[in-house]
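Everything on this sheet refers to the single structure shown next.
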Amino acid sequence: MVLVMATAPANFLLASWTLPVWTLILATALSLPLLVYYQQRRSSKAEPFFNFAGLPAEIRNMVYEELVEPDCNPSFPTEAMRSPRPLRMMSWIPSQKKPSYPKYGILLASRQLHREFMDVLCKRATFTLNVDRSNEQSTNPWPLSRDSVCKIRSCEIRIIATSNMLGSRDPRSMPRDWGLRNRVSRSLSAMRRVEKLRLHVHAVPDRMWNPLWLWSQVSQQFKDLAEPRFTAITFGLESWTLGENCLKRDEEGRWKWTCPADHVVTDDPEGWQPIREFCAALYLECRECQRSRAENAGSA
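Numbering (the UniProt record's numbering), first residue to last: 1 to 300.
Structure (structure tokens):
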């Protein structure tokens, strides 16, 4: 009886030590592969880092030129795309609407690469800036930095023209002073180095406004704009068109109507052009194209 009572504490002590020991063994077995992997990672040599920013500027510019595509379509966040702010006390701080360039991840690498690549992009690519119902009422339709705007050499402004955008249900009562024209002019006032600035009027007609009225009103509003100074005005529709003529400036800066084959059809009068004269010039047959078709038909 005394022997049994003496061995009972020993068995209890052994049992109390067995559980922590097995727990320690299990933890060691589970952590051993992680320790081995960590040690191998430490002992292995780090991959060599290529210092692209350390290359000469001429070579970096050559790489940038290979990355630049002919057309650049920056996207701008609209009010619906921007997430709401959680803190009301910070609502007085103006939000930054920076453009995004989905094709050019290099712009996110560093500030130096962003600055250098944007310089090449503005010189080589043609920027396409859209005006539609998402930004037609904005004070600055395209929140590009002033530094980027002043470096752009080629740009196309695409206006999705609707009757609501023009602010009048009756085309005959369209005011001469259009707010959108003034906002576009202010947004692009820093575009001093631009060499090619084209306006494309994409008409979305309705019952009151046919495409001819939309093309006429928008083109006449921007035709004689001083800043920026457009070099060409083209016209388009969602559906098939007859191949309308377009407006282009000659070497002396005067507007000319040209056919799709880029032949001069007729001169454009200075100032506001009435709708009848506009339609006549828009579909005026090119004599040079007529002559070429006659010669081809005769030779055949």
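Ideal Cβ placement from N, Cα and C applies to all residues, glycine included.
Boundaries (first-last residue) of the beta strand (DSSP E) holding residue i
| i | result |
| --- | --- |
| A281 | That residue, A281, is in no beta strand (DSSP E); its alpha helix (DSSP H) goes I275 to L282. |
| C155 | S154 to A161 |
Identified DSSP bridge partners for residue i
| i | result |
| --- | --- |
| T128 | E156 |
| D71 | T126 |
| S100 | S75 |
Beta-carbon proximity list for residue i, same chain, < 8 angstroms, skipping 5 on both sides
| i | result |
| --- | --- |
| A261 | C286, E288 and C289 |
| L107 | Y101, L113, H114, F117 and M118 |
| R192 | C150 |
| residue 310 | Coverage of the chain is limited to positions 1 through 300, which leaves residue 310 absent and any answer about it impossible. |
| R207 | none |
Close Cβ partners of residue i (< 6 angstroms) along its chain, the five nearest in sequence each way excluded
| i | result |
| --- | --- |
| L282 | E244 and N245 |
| A190 | R146, V149 and C150 |
| L199 | I157, F222, F230 and I233 |
| L197 | C155, P228, F230 and T231 |
| S168 | M174 |
Same chain, Cβ closer than 7 angstroms to residue i, neighbours up to 5 away in sequence not counted
| i | result |
| --- | --- |
| W255 | K223, L247, R249 and D268 |
| P70 | A125 and T126 |
| L166 | M174 and Q217 |
| D132 | I160 |
Chain B contact for residue i (CB, 8 angstroms cutoff)
| i | result |
| --- | --- |
| P274 | Looking for chain B here will not work: only one protein chain is present. |
Boundaries of the alpha helix (DSSP H) in which residue i is found, first to last residue
| i | result |
| --- | --- |
| L67 | A57 to L67 |
| E288 | R287 to S299 |
| G179 | G179 to S187 |
| D170 | Looking at the DSSP string, D170 is not in any alpha helix (DSSP H), and its letter there is neither H nor E. |
| V194 | No alpha helix (DSSP H) contains V194, which DSSP labels as neither H nor E. |
| S148 | R146 to V149 |
Runs of alpha helix (DSSP H) lying entirely within the stretch 198–271, each at least 4 residues, in chain order: 211–223
Quick check: the stretch 205–216 against the stretch 178–189, are there 3 or more CB pairs under 8 angstroms? no
Are three or more beta carbon pairs between the stretch 226–237 and the stretch 270–277 nearer than 8 angstroms? no
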